[in-house]
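First the structure, in the form of structure tokens, and then the observations on it.
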Amino acid sequence: MGSEFKDKTVLITGGARGIGFATARMLAADGARVALADIDGAAAVAAARELAPAGDALGLEADISQPEQVRTAVAEAVRRLGPIDIFVNSAAVLDDKLFLESGPADWERMLSICLRGPMLCLREILPAMIDRGWGRVICLASDAGRVGQARLSYYAAAKGGVIALVKSIAQEVGGRGVTLNVVSPGATNTPLRIEREAHMRAQMGEERYARRIKSVLKLYPAGRLGEPDDIAAAIVFLASERAAWITGQVLSVNGGFVMP
Ligand SMILES: NC(=O)c1ccc[n+]([C@@H]2O[C@H](COP(=O)([O-])OP(=O)(O)OC[C@H]3O[C@@H](n4cnc5c(N)ncnc54)[C@H](O)[C@@H]3O)[C@@H](O)[C@H]2O)c1
């Protein structure tokens, strides 16, 4: 256990599982006080309990698409753990539909969680970071948002929006000690992906699905898909003091899947 983050408070949305939780575990192991905000409050509390032996941790229920819930969760994290130094937006949902099969209700749900959600969080969290002259923001996007992906059009659109948002705010606050960056994962073995794959497997049948997996792996020069810790390691670096001169950047962590 290290101490690189021993004076830092971290808030991670979607921190109850997947990439958010892997990041929380790494930061807590390096001494950070971690708040996990998740729409699944019980899972957030259980995840925080799992982390507690490695450091202070707090589980909070919050839907990041709801301004009041974001406000309450941020206030509670600050009250219990101190001002937020590092913010990671990992919360997201995924849909698996052709654009022409989707409609306004699908788009609105996606955009309200995956794009408006980080906006609401940043509006709440950034002013104190600016006042204190230090802050790290890392938003999760997706390579789908960089190069597009069939059946993920409005998810990709939301993630492309996150990239534009982060770059723009990074320009606005560049001189205030606050950096904002995007980590853009390729296919990573988290509950999000595992659930989507289980759905596809059921639809395709075993033989077609096995062929799909083979062809997906061929797209990854590294020869394997990602694990949550692969992505968390990049987030932790961007959250560190060492990354002070990196801002407004998009880092694909993807085994070489695309090289945009
Ligand atoms: N896993 C992948 O292959 C992959 C690929 C590219 C990008 N990403 C991105 O990485 C991030 C993390 O993904 P993951 O795979 O760990 O997902 P995950 O589903 O395993 O975890 C996401 C968490 O977000 C929470 N959440 C969902 N909606 C929420 C809301 N409205 N408010 C608060 N919390 C909410 C969920 O309850 C869950 O705990 C996401 O932004 C995702 O878009 C993942």
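According to our numbering, the sequence shown holds residues 35 to 294 in order. Using N, Cα and C, we set each Cβ at its ideal position, and we do this for glycine too. These numbers were taken from a predicted model, which means no experiment stands behind them.
- Not one heavy atom of ligand 1 is found less than 6 Å from the C-beta of LEU186.
- Counting C-beta pairs closer than 8 Å gives three or more between the region 116 to 127 and the region 48 to 63, which meets the contact rule.
- The closest CA to that of VAL68, considering only VAL270, THR281, GLU275 and PRO294, is found on VAL270.
- For ARG180, the number of other beta carbons within 10 angstroms of its own is at least 16, and it is reported as buried.
- If you draw a 10 Å sphere on the C-beta of ILE265, you find 16 or more other C-beta atoms in it, and that means buried.
- Contact between CYS173 and ILE98 does not hold, since the beta-carbon distance rounds to 11 Å and is not under 8 Å.
- Rounded to the nearest angstrom, the gap between the Cα atoms of ARG258 and GLY289 is 7 Å.
- Note that the region 210 to 227 touches the region 156 to 176; at least 3 beta-carbon pairs, one per stretch, sit closer than 8 Å.
- Exclusion of the five residues before and after ASP140 leaves ASP129, LYS131 and TYR188 as the residues of its chain whose Cβ lies within less than 8 Å of its Cβ.
- For GLU95, DSSP records a beta bridge to ASP72.
- Each residue's CA atom was taken as its position, placing VAL108 and ILE159 some 7 Å apart.
- The straight-line gap separating the alpha-carbon atoms of SER146 and GLY195 is approximately 12 Å.
- Annotation: LEU149 to GLU142 spans about 10 Å, alpha carbon to alpha carbon.
- Per DSSP, the unbroken beta strand (DSSP E) holding VAL44 starts and ends at 43 to 47.
- In this structure, DSSP gives PRO219 an extended state, which the three-state scheme calls strand.
- Pairing VAL212 with MET163 gives a Cβ-Cβ distance under 7 Å.
- At least one heavy atom of ligand 1 falls within 6 Å of the beta-carbon of PRO225.
- Classified as exposed, SER202 has fewer than 16 neighbouring CB atoms from the shown chains inside 10 Å of its CB.
- The region 146 to 205 is shown to contain whole alpha helix (DSSP H) runs of 4 or more residues at 150 to 166 and 178 to 181, in chain order.
- For SER286, the uninterrupted beta strand (DSSP E) segment begins and ends at 284 to 287.
- For PHE291, the secondary structure class from DSSP, reduced to helix, strand or coil, is coil.
- Nearest Cα to ALA82 within the set ARG105, LEU45 and GLY116: LEU45.
- Distances taken from the Cβ of LEU174 to the heavy atoms of ligand 1 include one shorter than 6 Å.
- In this structure, the beta-carbon distance from ALA71 to LEU94 falls below 7 Å.
- Proximity of the beta carbon of VAL127 to ligand 1 is indicated: a heavy atom of the ligand is located closer than 6 Å.
- For VAL122, the enclosing beta strand (DSSP E) begins and ends at 120 to 123.
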